[in-house]
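In the working numbering, the protein residues as written are 1290 to 1537.
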């Protein structure tokens, strides 16, 4: 495509946007919103969040539904990047991104996309709010966190983590507790629990499959851990938090 044709199409597009009142959000406003998500400030997010609707959006597709889907995918990608830069571990961030993009593709109405957009924002914001204020900054603990998130599906020992980061096990334990505010095994348990709760909320996997995938020794152990933390059994938790929109 020639430069002349590109420039002509760009001019036509700009004119069309002006005639139809299509505008792009001011950069400062978008930056403030993504920064609020990154900091886990749910009150500010709710205050400045703009519902994703077809009104006034830039045109990425002439099909209204497809246009909304494209804008939601872009929003997911931007929020994922902001959250990773804010301390969310990459595996969780990208897995969550993949999940929401897949759900975006399945949305059949504009209302479903608007709802999914809000759910996505709240999920990322909630996760950012849960990141300890004394987030790890030393390389050994960052490597430790990365190892846990990649291997929590299987049994993990302190010695294998220490070997992975090339540190004495006792020293690594002390360093991790100092930076994260909890022990390595408490963090492993927390990671497994968060993963299992998300699978209960956002999937139809059986309780046995979830238990096995998240690295629990048995389904009864999974039930015990969930009930201790939430006061609910897996069935009760899914009944309470599972959204029917995810089945669409």
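Glycine included, each C-beta is placed from N, C-alpha and C at the ideal position. Everything numeric in this text was worked out from a predicted model, so none of it was measured.
Asked                                                                                                               : Found
Member of 1336, 1416, 1430, 1332 whose CA lies at the smallest distance from the CA of residue 1455                 : 1430
Outcome for residue 1520 when other beta-carbon atoms lying within 10 angstroms are tallied against a minimum of 16 : exposed
Pairwise C-alpha distance: residue 1405 and residue 1493                                                            : 18 Å
Counted within 10 angstroms of its Cβ, other Cβ atoms place residue 1416 as buried (16 or more) or exposed          : buried
Alpha helix (DSSP H) runs contained entirely in the region 1326–1376, provided each spans 4 or more residues        : 1331–1337, 1353–1374
Range of the contiguous alpha helix (DSSP H) that encloses residue 1385                                             : 1379–1395
Inter-residue spacing [alpha-carbon to alpha-carbon] between residue 1457 and residue 1360                          : 48 Å
Distance between residue 1373 and residue 1379 (C-alpha atoms, nearest Å)                                           : 6 Å
Host alpha helix (DSSP H) of residue 1473 (start-end)                                                               : 1473–1491
Integer-rounded CB distance, given that residue 1503 should sit under 8 Å from residue 1481                         : 5 Å
Integer Cβ distance of residue 1438 from residue 1485, believed to fall under 8 Å                                   : Actually they are not in contact, since the Cβ atoms of residue 1438 and residue 1485 sit about 14 Å apart, beyond 8 Å.
Residue 1434 CB to nearest heavy atom of the ligand COA below 6 Å                                                   : You won't find the ligand COA in this model; it holds no ligand whatsoever.
Three-state class that DSSP yields for residue 1324 in the structure shown                                          : helix
Run of the alpha helix (DSSP H) containing residue 1455, from where it starts to where it stops                     : Premise fails: residue 1455 is in no alpha helix (DSSP H) and is neither H nor E.
Assigned secondary structure, residue 1463 (DSSP; H/G/I helix, E/B strand, else coil)                               : helix
Coarse secondary structure for residue 1432, derived from DSSP in three states                                      : helix
Extent of the continuous alpha helix (DSSP H) run through residue 1522                                              : Premise fails: residue 1522 is in no alpha helix (DSSP H) and is neither H nor E.
As assigned by DSSP and simplified to three states, the class of residue 1503                                       : coil
Burial state of residue 1323, where buried means 16 or more other Cβ atoms lie within 10 Å                          : buried
Residue nearest to residue 1413 in terms of C-alpha spacing, selected from 1444, 1364, 1398                         : 1364
Span of the alpha helix (DSSP H), counted from its first residue to its last, around residue 1531                   : Note, residue 1531: premise wrong, no alpha helix (DSSP H); not H, not E.
Proximity to residue 1418 [Cα-Cα], best of 1347, 1356, 1376, 1453                                                   : 1376
Of the residues 1487, 1498, 1509, 1433, the one placed nearest residue 1384, counting alpha carbons only            : 1487
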